[in-house]
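Worksheet: the structure to be examined is printed underneath.
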Amino acid sequence: MDYFTDFTSGVHEVEMNCTPSTIEEFPGDLFTEEQRAKGAFITHAICAVYMFIALAIVCDDYFVSSLEKICENLSLTEDVAGATFMAAGSSAPELFTSVIGVFIAKGDVGVGTIVGSAVFNILVIIGLCGLFAGQVVHLSWWPLFRDTLVYAISVVTLVLVIRDGYINWYEALVMLLMYLCYVIIMWCNPRLFKQAQRLNERRRKKRETCNNGKSAIQLEQVTPLNATEDITTNGEKKEVEEVDGEFSNSPKRLTFSDAGLRLMLTKQFPARTRLRTACWLIITEQKQLEAESGGKFPTTYTHRPSLPETEKNGNVPRSDSICKDESVDLSIDKEGTEDVISERSFPEIDSPFSLPSGIINILKWIVTLPICILLFFTIPDCRRKRFDRWYMVTFFISVAWIAIFSYVMVWMVAYIGHTLHIPDTIMGITFLAAGTSVPDAIASLLVAREGLGDMAVSNSIGSNVFDILIGLALPWFIKTAFVSYGTRIKINSKGLLYSVLLLFASVTATILAIHFNKWRLDKRLGVLLTCFYVVFLSFSIMVEMNVFGYVNPPMCKT
């Protein structure tokens, strides 16, 4: 099988049996190849990891904040904002890695990163939430069904696009138009959800009619789902330590604005970046509880009736119960409400120079201090009242820093891969994918432990739609339609097609596993998904290393 280099002039193709090394597209290194082989590449690994941290900080603290301000000023709905600006905020590292892979590295590192990150988001993040959530969380079927359907179509499209090893401008354009359709779907999401609700209600009533539906009807008539008092069924008290798929219980007395924030978190199908907001709220509340109770905060349980089997299976969505469900005890303190709300509009932002408490926090502060100081003095923080109207400046400077950090990250990873003779695709699927996704994995885990499993799972799948249809297609389209019109982008590794097929298989396996697990997020599901990820990594690495056949040309000697 013949392999060809990238188009350099748009006309000629040069036949060759090796893949040009990515390091040729980057500046020279301080170390020689011999020094790197003897261990100097560890400095590159440390630098790459630090770039992961820098990307997480600039995205979380500045870029996402500016995007939220943009969405507010454009008066976008939550669903549309989540599918556009918020998705860009949470997927910025993957997007810029893809841009660098297309325009600078000219290799498969960008595609490998997005494919690997997509699998990591689905299998590892959801798996970790199941393993360490500490409780069984029932999932709502609608966001999973909607995002998985669109995502499956996106992956099938990607397979068709890269099957011949080349990407044309019209293929990239089709992917961009598909994302536009996804945004329209999100815009129509409330109406689609109501229609799905009606269909499921009809199906539930038919089931109850066929089964004489006595127990379910009696339960709903005698013990409505929003009851918070102790429930007895057949003379037995049912103590349910269950957190609804939309939000968790709060044992503290909340001010009006605190309660409002928690309800805002429960808005149906929020963007992946809302995970970090949820983490902030959870940690803040826990600290306040510990302070109020002298270091020990109480644990309370809400007694709720067992759900009808149809709802346990996720057939009847519960997202409309946000304003109706009284199982969450929110004691609202109306005194001083206006002052608190005013303060919440511009929350107090910690200075990078303030020393935190605790040894671990101090170590984290020392490690991140250089990057925090750099960003503090170069980016106006639009979260602060004095820079509230500077959100566009925050946006553009954040984009510049994300581009710089992503460039250095890919640069370092290129030298690591070259030194260890690891193909760019494998470095993208493993090292870069994990590095760009770990912050979201930690955020998802913290949120899932508070019962917000729906938020973690839905956003893990939904954000991948952006990665494929924008993260890959946008750089491809710009390169082939504007920068070098008439050229095509070459996929060096034929094994990447198998990795994308495995990506589709992982999505299918995840949804089937959730369905057969009765739409519950628990340890059994977590173990299964973790095993799926190990299988994916093992098979992808073996394919890229030509274990099953010659699909990936070796790197050319420099």
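Residues 1 to 558 in full-length UniProt numbering are what the sequence shown lists, from first letter to last. Quick reminder that beta carbons are idealized off the backbone N, C-alpha and C, glycines included. Predicted, not measured: the structure shown is a model, and the values here were computed from it.
When Tyr533, Gln197, Ala172, Asp424 are compared, the shortest CA-CA separation from Tyr485 is found for Ala172. The three-state secondary structure of Val137, taken from DSSP, is strand. Look at Ile379 here: in three-state DSSP terms it is coil, with no helix or strand label. Burial of His138 is indicated by the presence of at least 16 other C-beta atoms within 10 angstroms of its C-beta. Contact between the stretch 519-539 and the stretch 382-398 is absent: fewer than 3 CB-CB pairs across the two stretches fall below 8 Å.
Proximity of the stretch 188-199 to the stretch 485-500 falls short of the contact definition, fewer than three beta-carbon pairs being nearer than 8 Å. The beta carbon of Thr436 sits closer than 8 Å to those of Phe52, Leu55, Pro93, Glu94, Thr97, Thr113, Ser117, all from its chain and outside the five residues before and after it, given in chain order.
In this chain, the alpha helix (DSSP H) harbouring Val99 covers 92-100.
Exclusion of the five residues before and after Asn73 leaves no residue of its chain whose Cβ lies closer than 6 Å to its Cβ. The C-alpha of Met412 is placed about 23 Å away from the C-alpha of Val119. Note that the stretch 32-41 does not touch the stretch 359-371; fewer than 3 beta-carbon pairs, one per stretch, sit closer than 8 Å. Annotation for Cys59: Ala92 place their beta carbon closer than 6 Å to its own, counting only its chain and skipping 5 residues before and after. Between the alpha carbons of Ala414 and Thr19 lies a gap of roughly 13 Å. If you draw a straight line from the Cα of Ser21 to the Cα of Met178, it is about 33 Å long.
Looking at the backbone, the Cα of Ile185 and that of Leu525 are separated by about 29 Å. Residue pairing by DSSP places Met555 opposite Thr19 in a beta bridge. Bridge partners of Arg520 according to DSSP: His138.
For Phe466, the closest alpha carbon among the candidates Ile125, Ala105, Cys129, Val115 is that of Val115. Short of 7 Å from the beta carbon of Ala441, and not among the five residues preceding or following it, lie these beta carbons of its own chain, in chain order: Val124, Ile125, Leu128. The beta carbons of Thr480 and Asn168 sit about 6 Å from each other, so the pair counts as a contact at 8 Å.
The beta carbon of Val102 sits closer than 7 Å to those of Gly110, Pro475, Trp476, Lys479, Ile489, all from its chain and outside the five residues before and after it, given in chain order. Annotation for Leu76: no alpha helix (DSSP H) segment contains it, and DSSP assigns it neither H nor E.
Between Val49 and Asp388, the alpha-carbon positions lie close to 32 Å from each other. With 16 or more other Cβ atoms inside 10 Å of its own Cβ, Phe405 counts as buried. In the DSSP assignment, Leu446 falls within the alpha helix (DSSP H) that extends over 433-449. Spanning the alpha carbons of Ala81 and Ile429 requires a straight line of approximately 28 Å. Our two residues, Trp141 and Ile42, have alpha carbons roughly 45 Å apart in a direct line. Taking the Cα of Trp401 as reference, the smallest distance to any Cα among Pro380, Leu420, Thr419 is reached at Pro380. The beta-bridge partner set that DSSP reports for Tyr166 consists of Lys490.
Secondary structure of Phe31 (DSSP, three-state): coil. Here His421 is exposed, its C-beta having fewer than 16 other C-beta atoms within 10 Å. Out of Leu76, Ile362, Phe376, the CA that lies nearest to the CA of Asp61 is found in Phe376. The Cβ atoms of Val543 and Val551 lie closer than 8 Å to each other. For Thr425, the enclosing alpha helix (DSSP H) begins and ends at 424-427. A direct Cα-Cα distance of roughly 7 Å separates Val500 from Val155. Around Val408, the same chain offers Met51 as residues with beta carbons nearer than 6 Å, after the five sequence neighbours per side are excluded.
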